[in-house]
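Keeping their order, the protein sequence lines are chains A and W. So the first sequence is numbered by my numbering: it starts at 21 and just counts up by one. So the second sequence is numbered by my numbering: it starts at 21 and just counts up by one. Read through the structure below, which is laid out as structure tokens, and then see the notes.
There are 2 protein chains.
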Amino acid sequence: MSELRKDPLVDRWVIIAAERGRRPDDFHSGEPARHCPAGASCPFCEGSESKTPPETWAVRPLDSKPDTPAWQVPVLPNKFPALRVEGSVDRCGLGMFDCMDGIGAHEVVIESPDHEWEMTTAPPEEIELSLRAVQERIEDLYRDGRFRYVVAFRNYGALAGASLSHPHSQLIALPVMPKRVKDKLASARDHYRRKERCIFCDIIAQELMLGDRVVVEHEHFVALSPYAARFPFELAIYPKEHQHDFGLLNLELRTDLARILQTCLRYLKQALGDPAYNYMINSVPNTTPRPGRPDFWGTIALDYHWHIEILPRVTRVAGFEWGTGFYINPVAPEDAALFLREMVNTEPEPAVVEASE
Amino acid sequence: MSELRKDPLVDRWVIIAAERGRRPDDFHSGEPARHCPAGASCPFCEGSESKTPPETWAVRPLDSKPDTPAWQVPVLPNKFPALRVEGSVDRCGLGMFDCMDGIGAHEVVIESPDHEWEMTTAPPEEIELSLRAVQERIEDLYRDGRFRYVVAFRNYGALAGASLSHPHSQLIALPVMPKRVKDKLASARDHYRRKERCIFCDIIAQELMLGDRVVVEHEHFVALSPYAARFPFELAIYPKEHQHDFGLLNLELRTDLARILQTCLRYLKQALGDPAYNYMINSVPNTTPRPGRPDFWGTIALDYHWHIEILPRVTRVAGFEWGTGFYINPVAPEDAALFLREMVNTEPEPAVVEASE
């Protein structure tokens with residue numbers, strides 16, 4: 021079983037997942053690449069259902085059985101999970117150190133039965149479906165009170181940490197609140213206490229007014245390159261109306277989100293030549309009022325605002341960044357946004373016509 | 021001029037160094053590798069002095085002139101600095117955003133005139149010299165009250181962000197205190213307030229007592245794999261006696277440090293096959309009592325303890341880590357330490373005989 025350990029100096033937890041049992045040789049040239057051609061050898065291709073753990077959730081025809089072909093967007097437990105569902109949340113100490121069992125959940129959302137499916141060219145309805153899968157899984161995992169936070173993310177390309185090339189996203193449920201989330205919540209709460217306004221709403225309003233970092237604006241969403249972007253062409257997507265919980269998205273919003281997400285990824289592909297990237301869906305923690313929780317009476321959390329961060333992996337993180345938490349970004353976010361915006365005009369496909377700027 | 025910008029959500033500063041002026045094409049396959057064969061085309065090889073900015077510091081024969089061959093360990097301003105010395109520390113606002121001029125310093129310590137010099141095989145005196153160069157530069161930079169923190173680091177290998185292969189380290193002086201340093205100082209201060217003991221001293225004492233994460237122990241230093249290591253084979257080196265300031269190292273300590281640092285890097289090379297790595301020297305900020313400052317009367321800061329972190333870059337940071345600040349480490353630090361310790365016995369070279377365990 022893996023173990024959660026807390027750094028005594030910086031309130032940071034790590035997952036020691038030693039049962040994945042690697043030898044030093046495995047690291048000789050970085051992360052071992054697990055190649056995955058389409059077909060029988062790919063564990064996520066149609067027909068490989070017997071090679072993976074049983075599905076947790078799927079969209080499939082009414083007359084089909086679980087764990088058989090004909091699925092669309094199944095969600096499976098990760099075969100090599102960093103955390104497992106079984107165990108207690110009891111904390112233990114080792115002298116001055118803190119640890120707990122590595123409980124949690126680690127799931128994989130297979131975005132299409134087609135190995136060659138690409139988010140940049142897929143019909144938006146299919147992206148919408150995989151966003152719905154993420155949404156449903158977060159909702160379900162939050163029914164387990166042990167889980168304080170669920171993060172959903174997509175690693176694309178080996179440089180971004182993807183080990184299988186079949187299109188997929190992942191979810192990890194954590195029994196402790198991650199420091200990065202805690203920091204964001206604390207800032208947001210502090211701002212709300214002083215101003216009685218959501219800090220994200222304030223940022224969005226200012227960015228829409230200034231306009232120079234906005235990449236594309238849809239009816240319900242805006243994509244921009246953040247003022248203090250860490251990486252070249254880093255992007256963030258926000259719902260324009262205040263919404264704290266990714267679980268509250270309805271079909272109309274999900275569809276608009278699928279479209280703007282696709283537009284962003286297509287622009288990045290065109291600008292940077294199919295870069296590796298990570299994107300993360302940052303929703304609200306499980307401790308906030310939300311549908312399905314006994315304390316939810318239609319209230320909304322006013323101080324948090326869910327969002328997606330997209331990080332193209334085109335620069336390397338080096339000693340300066342590791343030592344300080346500072347980042348050096350060689351491309352001003354305004355320049356990145358301008359460059360991407362200008363591609364709207366040269367973009368041949370009709371899918372971006374809805375861009376309202 | 022570059023610009024410092026603060027993320028309104030997470031108290032994180034970034035350096036927008038757009039004057040380095042890259043086009044999106046430059047990022048097409050990640051960071052452009054600047055190859056650097058030995059000789060005339062390498063800006064750090066002997067004879068290339070005219071290609072670099074004038075030296076700031078160097079060890080050289082008494083009868084030689086600055087910026088001519090015959091140097092050992094010169095320190096040069098970075099030709100493409102992320103931050104520049106000229107400018108004010110005035111902060112400005114842009115609506116709800118905070119920014120300031122990109123002032124600071126960015127220097128390169130050339131560790132040897134020999135392009136093929138390696139830290140794992142060099143005579144320890146030469147490593148000691150480059151540690152002294154770092155020390156002298158930190159001292160000098162801290163005479164400038166605008167600089168709140170100086171971090172020294174070494175990026176080795178392209179995966180660790182090194183763009184030139186000639187052996188070198190770097191220093192960056194910052195006009196704001198980095199969040200990561202602030203967090204460490206806050207924990208250390210909190211511990212000291214409660215216990216009247218240094219948290220680092222407590223950790224070292226416990227690790228030496230338990231022993232299972234200790235890799236090698238010298239007279240003045242101990243190298244161990246931290247309890248909550250983020251990465252496989254991550255190591256940390258601490259002075260065993262309390263010492264808050266890297267600037268206080270004398271020749272004896274510097275020599276011992278050079279040896280234990282070399283042992284660690286040699287072990288990692290043997291275990292992981294010449295991995296890329298970053299190491300960072302984390303000394304005390306400029307705001308703490310220190311020699312040369314008017315408020316220093318021989319006092320020592322009791323709550324901070326300088327240290328070196330060594331991060332082999334053998335796994336990739338992916339969406340989960342970016343989204344949460346959590347890390348998944350597939351090798352327990354005890355296993356890594358055991359593996360490295362066992363190499364002491366198989367190590368052919370005599371340089372590690374001083375290891376006292």
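From the three backbone atoms N, C-alpha and C, an ideal C-beta is built for every residue, glycine too. As the structure is a computational prediction, the values presented were derived from the model and not from experiment.
Residue i: buried (16+ other C-beta within 10 angstroms of its C-beta) or exposed?
i, result
"R213 (chain W)", "exposed"
"V372 (chain A)", "Any answer about V372 (chain A) is weak, because its pLDDT of 44 lies below 50 and its placement is not dependable; what the coordinates show is given next. So V372 (chain A) counts as buried."
"L281 (chain W)", "buried"
"M229 (chain W)", "exposed"
"R333 (chain A)", "buried"
"N306 (chain A)", "buried"
"A38 (chain A)", "buried"
"E261 (chain A)", "exposed"
"W33 (chain A)", "buried"
"L114 (chain W)", "exposed"
"A352 (chain W)", "buried"
"K199 (chain W)", "buried"
"M300 (chain W)", "buried"
"L82 (chain A)", "exposed"
"L29 (chain W)", "buried"
"E148 (chain A)", "buried"
"E145 (chain W)", "exposed"
"C112 (chain A)", "exposed"
"G318 (chain W)", "Per-residue confidence for G318 (chain W) stands at a pLDDT of 48, beneath the threshold of 50, marking its modelled position as unreliable; the derived number appears in the next sentence. G318 (chain W) is exposed by the Cβ-count criterion."
"R163 (chain A)", "exposed"
"S108 (chain W)", "exposed"
"S70 (chain A)", "exposed"
Applying a beta-carbon distance threshold of less than 7 Å, which residues of chain A neighbour residue i?
i, result
"M300 (chain W)", "G339, W342, G343"
"M116 (chain W)", "D222, I223, Q226"
"I147 (chain W)", "What I147 (chain W) touches in chain A: nothing, since even the nearest Cβ is about 17 Å away."
"R274 (chain W)", "Result: empty, since nearest Cβ-Cβ is about 20 Å, beyond 7 Å."
Going along chain W in order, which residues have a C-beta closer than 7 Å to the C-beta of residue i?
i, result
"A102 (chain A)", "I348"
"D355 (chain A)", "A38"
Along chain W, in chain order, which residues have C-beta atoms closer than 8 Å to that of residue i?
i, result
"S207 (chain A)", "P28, L29, V30, D31"
"R25 (chain A)", "Y247, A248"
"P97 (chain A)", "Ordered by position in chain W, no residue passes the 8 Å Cβ test against P97 (chain A), which lies about 16 Å from the chain."
At a CB-CB cut-off below 8 Å, which residues of chain A make contact with residue i?
i, result
"K204 (chain W)", "L29, V30"
"I257 (chain W)", "Correct list: empty, because the minimum Cβ distance to chain A is about 14 Å."
"A37 (chain W)", "I348, N349, P350"
"V34 (chain W)", "A248, A249, R250, F346, Y347, I348, N349"
"P143 (chain W)", "Those within 8 Å of P143 (chain W) in chain A number zero; the least Cβ separation is about 24 Å."
With a cut-off of 8 Å on the beta carbons, I'd call residue i and residue j a contact; round off their distance for me.
i, j, result
"P252 (chain W)", "L273 (chain W)", "At roughly 29 Å, the Cβ-Cβ gap does not stay under 8 Å, so P252 (chain W) and L273 (chain W) are not in contact."
"V235 (chain W)", "L255 (chain W)", "6 Å"
"L285 (chain A)", "T88 (chain A)", "Contact doesn't hold; Cβ gap of about 31 Å is too wide."
"N298 (chain W)", "R157 (chain W)", "The pair is not a contact, with the Cβ atoms about 19 Å apart (cut-off 8 Å)."
"P187 (chain A)", "R166 (chain A)", "Not really, about 30 Å apart at Cβ, beyond 8 Å."
"A60 (chain W)", "E136 (chain W)", "The Cβ separation is near 16 Å, so there is no contact."
"L191 (chain W)", "V129 (chain W)", "7 Å"
"Y324 (chain A)", "H240 (chain A)", "In fact, because the Cβ distance is near 18 Å, the residues do not count as touching under 8 Å."
"M21 (chain A)", "D121 (chain A)", "6 Å"
"A208 (chain A)", "I219 (chain A)", "5 Å"
Under 9 Å Cβ-Cβ, which residues of chain W neighbour residue i?
i, result
"L331 (chain A)", "G339, W342"
"G181 (chain A)", "T335, R336, V337, A338, G339, F340, E341"
"I130 (chain A)", "What I130 (chain A) touches in chain W: nothing, since even the nearest Cβ is about 16 Å away."
"D265 (chain A)", "Chain W residues near D265 (chain A): none, gap ~16 Å exceeds 9 Å."
Please list the partners that residue i has in chain A, where partner means a Cβ-to-Cβ separation under 9 Å.
i, result
"I219 (chain W)", "P28, L29, M116"
Of all the residues that make up the stretch 153 to 176 of chain W, which are near chain A by a beta-carbon distance shorter than 8 Å? Contact annotation: in the stretch 153 to 176 of chain W, residues whose CB is within less than 8 Å of a CB in chain A are Y169, V171, F173, R174, N175.
Listed in chain order, which residues of the stretch 337 to 350 of chain A have Cβ atoms closer than 7 Å to some Cβ of chain W? For the stretch 337 to 350 of chain A, which is checked against every Cβ of chain W, the residues closer than 7 Å are V337, A338, G339, F340, W342, G343, T344, G345, F346, Y347, I348, N349, P350.
Every unbroken beta strand (DSSP E) inside the stretch 199 to 283 of chain A [3 residues or more]: Correct list: 234 to 237, 241 to 244, 255 to 259.
Identify every run of the beta strand (DSSP E) within the stretch 49 to 120 of chain A, keeping only runs that are complete inside it and at least 3 residues long; order them along the chain. Runs found: 77 to 79, 92 to 97, 111 to 114.
With 8 Å as the limit, tell me which residues of the stretch 232 to 253 of chain A have their beta carbon closer than that to any beta carbon of chain W; keep them in chain order. If the cut-off is 8 Å between Cβ atoms, the stretch 232 to 253 of chain A has P246, Y247, A248, A249, R250, P252, F253 near chain W.
Given a limit of 8 Å on CB to CB distance, which residues of the stretch 187 to 200 of chain A reach chain W? Answer set for the stretch 187 to 200 of chain A: Q190, I192, L194, P198, K199, R200.
At what residue ranges does the stretch 127 to 190 of chain W contain a whole run of the alpha helix (DSSP H), taking only runs of 4 or more? For the stretch 127 to 190 of chain W, whole alpha helix (DSSP H) runs of length 4 or above, ordered along the chain, are 144 to 161.
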